[in-house]
Amino acid sequence: QKEVEQDPGPLSVPEGAIVSLNCTYSNSAFQYFMWYRQYSRKGPELLMYTYSSGNKEDGRFTAQVDKSSKYISLFIRDSQPSDSATYLCAMSDMGRRALTFGSGTRLQVQP
Amino acid sequence: NAGVTQTPKFQVLKTGQSMTLQCAQDMNHNSMYWYRQDPGMGLRLIYYSASEGTTDKGEVPNGYNVSRLNKREFSLRLESAAPSQTSVYFCASRLDIGGYTFGSGTRLTVV
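Chains as they are written, first to last, in the numbering used here: chain A, 1 to 111; chain B, 1001 to 1111.
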């Protein structure tokens, strides 16, 4: 079993929809949680960064962490065709030097 | 500000050939990483360097070697390429605990 599980999709939604992307994990020591966006044939870029549990909002994006359930989510409001990309969750514990990534969810926003 | 620069962007190798992937960052980051990305597998850590002069194995180090030449540069070497090493390789860096900055990737095909 992978340490971080993520549904690969593809997830197809109409423009303007609210999108929910999720990851589950098994390592209770994870404290740092991130979401990356990756466009086709590009490197991942950091979207959201949270520490421990709770919510964080940045524009149309909201990241949620529920450590009791070992579950993290990324919500995208008013989705746009430009949001079409692969979204990767990533996480690490206090001592680990490297991030562990989910396999990514491909999102398509239809105009 | 260039960020993380990877060279080359594309490469085709014959089985058994060797090559070095180059990575340089200009953000004065301490830690640098090499990942490979394969369909359905997400990003898997090959090697990382927490600071200048140190390197450590990641999840999939077999068949690879690395050199942290100085604080800016971290190279990945394939001594005897195999078809299983066909992948997209990403270099990343970060200052301390936090999100990575990724390069744009090297697409490697081994025939």
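We put the beta carbon where it would ideally sit given N, CA and C, even for glycine.
Item to complete: Assign glycine 1099 of chain B to buried or exposed, taking buried as 16 or more other Cβ atoms, counted over all protein chains shown, within 10 Å of its Cβ.
Response: Within the second sequence, residue 1099 of chain B is the residue found at index 99, counting from 1. Looking at its Cβ environment, which holds 16 or more other Cβ atoms inside 10 Å, glycine 1099 of chain B is buried.
Worksheet item: Taking 9 Å as the CB-CB cut-off, is tyrosine 71 of chain A touching chain B?
Response: The count along the first sequence starts at 1 and reaches residue 71 of chain A at position 71. By this cut-off, tyrosine 71 of chain A is not an interface position.
Worksheet item: Which chain B residues sit within Cβ distance under 9 Å of tyrosine 39 of chain A?
Response: The count along the first sequence starts at 1 and reaches residue 39 of chain A at position 39. Within 9 Å Cβ-Cβ: nothing; tyrosine 39 of chain A doesn't reach chain B, min ~11 Å.
Item to complete: Provide the residue span of the beta strand (DSSP E) that contains asparagine 27 of chain A, from first to last.
Response: As a first step, residue 27 of chain A must be located in the first sequence, where it is residue number 27. Where asparagine 27 of chain A is concerned, there is no enclosing beta strand (DSSP E), given that its DSSP letter is neither H nor E.
Fill in: Coil, strand or helix - serine 1084 of chain B by DSSP
Here residue 1084 of chain B corresponds to residue number 84 of the second sequence, with the count starting at 1. Three-state DSSP puts serine 1084 of chain B in a helix.
Practice prompt. Step through the CB atoms of chain B and report whether any lies within less than 9 Å of the CB of glycine 9 of chain A.
Written response: The sequence position of residue 9 of chain A within the first sequence is 9, counting from 1. Cβ-Cβ to chain B under 9 Å: no for glycine 9 of chain A.
Fill in: chain A contacts from the segment 1031-1048 of chain B (Cβ-Cβ distance under 7 Å)
Ser1031, Tyr1033, Gly1040, Met1041, Gly1042, Leu1043, Leu1045, Tyr1048
Worksheet item: Do you know offhand how far serine 82 of chain A's Cα is from leucine 1013 of chain B's?
Response: Reading the first sequence from its first residue, position 82 is the one you call residue 82 of chain A. Reading the second sequence from its first residue, position 13 is the one you call residue 1013 of chain B. Computed Cα separation, rounded: 35 Å.
Practice prompt. Kindly list the residues whose CB is nearer than 6 Å to the CB of aspartate 944 of chain B, restricted to its own chain and excluding five residues on each side of it in sequence; keep chain order.
Written response: Nothing about residue 944 of chain B can be read from this structure; chain B reaches only from 1001 to 1111.
Worksheet item: Using the beta-carbon of each residue, which ones in chain A are nearer than 9 Å to glycine 1105 of chain B?
Response: Residue numbering aside, residue 1105 of chain B sits at position 105 when the second sequence is read from its first letter. In chain order: Arg41, Lys42, Gly43.
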